[in-house]
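Take a look at the structure below.
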Amino acid sequence: MRRRLLLSTCLIALATVLVLGVPLGLVGTALLRQRADMRLERRADEAALRIARAQSRGTPLTFALVDDLLPADEALRVTRSDGRRITLGRLPRGARTEVASGDGGPLSVTLVAPAAAREDDVGIVWLAVAGSGLAALVAAIALASIQARRLAAPLEQLAGRVERLGNPDYDDRPVARQLAEIDQVQQALNDADRRIAGSIRREREFTANVSHQLRTPLTGLRLRLEELHRLADSSDATDEADAALQQVDRLVTTIEHLEAVARHRDDEPGLVDLGALVADHVVAGHWGTRFADAGRRLEVEADAGLPAHVEPESARQILDVLLDNALRHGVGDTTVRTGRAAGWVRIAVGDAGCSLAGTGTTAIFARGVGHGSGIGLAVARELARRAGGDLQLVRGAPTTFEAVFRAAAP
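Each residue of the sequence shown is one higher than the one before, counting from 0 in numbering that gives the first Met the number 0.
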């Protein structure tokens, strides 16, 4: 920012110097040339007057009459009435300037001088203009540096604080003095930080309260299921009790994971073999049985050896959301595929439905959209993005969702 302020000020100063300096130099040059022409004309008139007096006395025309008026590189050209021409002095070489006398009587007297005679002081004028312009530029740069430092320093501090807005290390002390606009922005940021901090605190408290309220009945439910498992009098009853206990444990794990995500405890994603996780979770979650009960088939094409940067619990929850969405809203066979391409590991879940054809991606992942609660896909996408990946609807017909995560070295 300082560089931009300094550059803009210097450009303005340079433009001002050019706009004022160039016309000033041109006017000064014209005035100096006019003065030089007047000096040459006065000398030509003086020489003509002397020559006229000599003619009236019958004195011959010689250089001695005008030697004190002519430098060594100037000459007089005298033209008589009969057309005869007499040159007094040495004619200059190169470019010349000629000034005729205004009063020579019957004689025409012309002063011939080097063209440089009209340019004697022009260089001094342009040197003065250039020096003044350079001094003005130096002064402008110095003042711009001071002003840029005065404006940029508080703005840079303010930008740094904006990056920390909402964090515990946010500093709400004022960053500027005598800059009312920046002070107002700082005050607005402080107010926003207090509101954000209060909102985050309330959300975290609510999350903790919800987690506690859910754990309490789940603990009681687990105790009842353990009692049923102990009292089961058949293998089928024991298996059902085991399955119910697994679901309770899975629900507790999900609650704890979501609470950790809400508190930003797992900013750095873990590392997991995504292919093996998908294959194990489909079996552990009895998804094949659920699809079979619905009269549909679930196929899994998961290759092992696909390490990805994602928390295992996040990957399981994303897979659960996609499978539940396919089971509830899809039709026909459902396929789960894993693969790797261009540094990304993907999970694709597709079915034979086409209900999402022509539907915008933004609407699909918006909260409150759909036949259910409308937050499943939104939560799944948020979990994927927290892990540095993403979740997208890649095809609407047939419906295919794809979650991608950063691949790790195998």
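For glycine and all other residues, C-beta sits at the position ideal for the given N, C-alpha and C.
Keep in mind that this is a model prediction, so the values were computed, not measured.
Worksheet entry | Own chain, CB closer than 6 Å to E97, minus 5 neighbours either side, in chain order | By one-based count along the sequence shown, residue 97 stands at place 98. Only T109, V111 meet the Cβ criterion.
Practice prompt. Kindly indicate the opening and closing residues of the alpha helix (DSSP H) around D272.
Written response: Residue numbering aside, residue 272 sits at position 273 when the sequence shown is read from its first letter. It is not in any alpha helix (DSSP H) - D272 instead sits in the beta strand (DSSP E) that spans 270-272.
Worksheet entry | Delimiting residues of the alpha helix (DSSP H) encompassing E40 | Counting from 1 along the sequence shown, the entry for residue 40 is found at position 41. Where E40 is concerned, the enclosing alpha helix (DSSP H) stretches over 1-56.
Worksheet item: If you scan the region 176-231 from start to end, which runs of the alpha helix (DSSP H) of 4 or more residues do you find wholly inside it?
Response: 179-230
Worksheet entry | Residues bridged to V344 [DSSP beta-bridge criterion] | Counted from its first residue, the sequence shown places residue 344 at position 345. Beta-bridge pairing links V344 to R339, F404.
Discussion item. Taking the straight line between their C-alpha atoms, what separation do you get for I140 and L6?
Written reply: Taking the first residue of the sequence shown as 1, we reach residue 140 at position 141. Taking the first residue of the sequence shown as 1, we reach residue 6 at position 7. For I140 and L6, the distance between alpha carbons rounds to 9 Å.
Worksheet item: For S233, which of helix, strand or coil comes out of DSSP?
Response: The residue you call residue 233 lines up with position 234 of the sequence shown. S233: coil per DSSP, three-state reduction.
Worksheet item: What are the residues that DSSP puts in a beta bridge with G395?
Response: If you number the sequence shown from 1, residue 395 lands on position 396. Beta-bridge pairing links G395 to T398.
Fill in: Nearest neighbour of A307, chosen from G287, D389, F364 [CA to CA]
Within the sequence shown, the letter at position 308 stands for residue 307. The candidate whose alpha carbon is nearest that of A307 is D389.
Discussion item. For A158 and V124, what's the separation of their Cα atoms in angstroms?
Written reply: To locate residue 158, count along the sequence shown from 1; it is residue 159. To locate residue 124, count along the sequence shown from 1; it is residue 125. For A158 and V124, the distance between alpha carbons rounds to 49 Å.
Worksheet item: Which partner residues does G107 have in the DSSP bridge list?
Response: Locating residue 107 in the sequence shown gives position 108, counting from the first residue. Reading off the sequence shown, one finds Ser at residue 107, where the question assumed Gly. Looking at the DSSP assignment, S107 forms a beta bridge with T78.
Worksheet item: According to DSSP, is S372 helix, strand or coil?
Response: Residue mapping note: residue 372 aligns to position 373 of the sequence shown, counting from 1. Confidence at S372 is low in this model, with a pLDDT of 45, below 50, so the placement of that residue should be treated as unreliable; the coordinate-derived value is given next. The answer is coil: DSSP assigns S372 none of H, G, I, E or B.
Worksheet item: CB E240 to CB L227, shorter than 8 Å?
Response: Taking the sequence shown and counting its residues from 1, the one referred to as residue 240 is at position 241. Taking the sequence shown and counting its residues from 1, the one referred to as residue 227 is at position 228. It should be noted that the sequence gives Ala, not Glu, for residue 240. Yes, the Cβ-Cβ distance between A240 and L227 is below 8 Å.
Worksheet entry | Nearest residue (CA-CA) to E255, options Q316, S55, A46, A127 | Position 256 of the sequence shown holds residue 255. Comparing Cα positions, the closest option is Q316.
Discussion item. Which of the three DSSP states is assigned to D389 in this structure?
Written reply: Within the sequence shown, numbered from 1, the residue matching residue 389 stands at position 390. Here D389 sits in strand by DSSP.
Worksheet entry | Residue burial classification, L270 (beta-carbon count within 10 angstroms, cutoff 16) | Position 271 of the sequence shown, counted from the start, is the residue given in the question as residue 270. Exposed, because fewer than 16 other Cβ atoms sit within 10 Å of the Cβ of L270.
Discussion item. What does the Cβ neighbour count give for H280, buried or exposed, with the cut at 16 atoms within 10 Å?
Written reply: Taking the sequence shown and counting its residues from 1, one reaches residue 280 at position 281. In summary, H280 is buried, with 16 or more beta-carbon neighbours lying within 10 Å of its beta-carbon over all protein chains present.
Item to complete: In the DSSP assignment, find the unbroken alpha helix (DSSP H) run with G352 in it and report its ends.
Response: If you number the sequence shown from 1, residue 352 lands on position 353. Neither: G352 is in no alpha helix (DSSP H) and is coded neither H nor E.
Worksheet item: Is R345 near E300, with beta carbons less than 8 Å apart?
Response: Looking up residue 345 in the sequence shown gives position 346. Looking up residue 300 in the sequence shown gives position 301. Not closer than 8 Å, so no.
Item to complete: Give a yes or no on contact between the region 67-76 and the region 84-95, applying the rule of three or more CB pairs nearer than 8 Å.
Response: yes
Item to complete: Reducing DSSP to helix, strand and coil, say where R117 ends up.
Response: Start at 1 with the first residue of the sequence shown, and residue 117 comes out as number 118. In this structure, R117 counts as helix in the three-state DSSP scheme.
Worksheet entry | Same chain only: Cβ atoms within 6 Å of A99, ignoring 5 sequence neighbours per side | Residue mapping note: residue 99 aligns to position 100 of the sequence shown, counting from 1. Closer than 6 Å at the Cβ level, and outside the excluded window around A99, lie T109.
Worksheet item: What are the residues that DSSP puts in a beta bridge with T96?
Response: By one-based count along the sequence shown, residue 96 stands at place 97. The secondary-structure analysis by DSSP pairs T96 across a beta bridge with A112.
Discussion item. I need the straight-line Cα distance from E40 to T15, nearest angstrom please.
Written reply: Here residue 40 refers to the residue found at position 41 when the sequence shown is read from its first residue. Here residue 15 refers to the residue found at position 16 when the sequence shown is read from its first residue. Distance between the alpha carbons of E40 and T15 is about 38 Å.
Practice prompt. For the alpha helix (DSSP H) containing E300, list its first residue and its last residue.
Written response: Here the question's residue 300 lines up with position 301 in the sequence shown. Note, E300: premise wrong, no alpha helix (DSSP H); beta strand (DSSP E) at 297-300.
Worksheet item: In angstroms, rounded to a whole number, what distance separates the CA positions of A402 and T215?
Response: In the sequence shown, counting from the first residue as 1, residue 402 sits at position 403. In the sequence shown, counting from the first residue as 1, residue 215 sits at position 216. Looking at the two C-alpha atoms, the distance is approximately 33 Å.
Worksheet item: Ends of the beta strand (DSSP E) at T61?
Response: As a working mapping, residue 61 is identified with position 62 in the sequence shown. Taken as a continuous stretch (DSSP letters only), T61 belongs to no beta strand (DSSP E), as it is neither H nor E.
Worksheet entry | DSSP bridge partner residues for G130 (one or two, in chain order) | Sequence index remark: in the sequence shown, residue 130 carries index 131 (1-based). Paired residue(s): none; G130 is not in a bridge.
Item to complete: Compare the C-alpha of P113 against each of R148, V26, G132, A35 and name the closest.
Response: Working through the sequence shown from its first residue, we reach residue 113 at position 114. Ranking the options by Cα distance to P113, first place goes to A35.
Item to complete: Can you grab the Cα-Cα spacing for the pair D350 / L4, in whole Å?
Response: Residue mapping note: residue 350 aligns to position 351 of the sequence shown, counting from 1. Residue mapping note: residue 4 aligns to position 5 of the sequence shown, counting from 1. Between D350 and L4, the C-alpha separation is close to 58 Å.
Worksheet item: From L382 to A207, what does the alpha carbon distance come to, in whole angstroms?
Response: Counting from one through the sequence shown, the residue named residue 382 turns up at place 383. Counting from one through the sequence shown, the residue named residue 207 turns up at place 208. Cα atoms of L382 and A207: separation of roughly 19 Å, rounded to the nearest angstrom.
Worksheet item: Going by the CB atoms, is the gap between W286 and L322 shorter than 8 Å?
Response: What you label residue 322 is simply residue 323 of the sequence shown in a count that begins at 1. What you label residue 286 is simply residue 287 of the sequence shown in a count that begins at 1. Closer than 8 Å, so yes.
Worksheet entry | Range of the contiguous beta strand (DSSP E) that encloses A303 | Reading the sequence shown from its first residue, position 304 is the one you call residue 303. No beta strand (DSSP E) holds A303; DSSP gives it neither H nor E.
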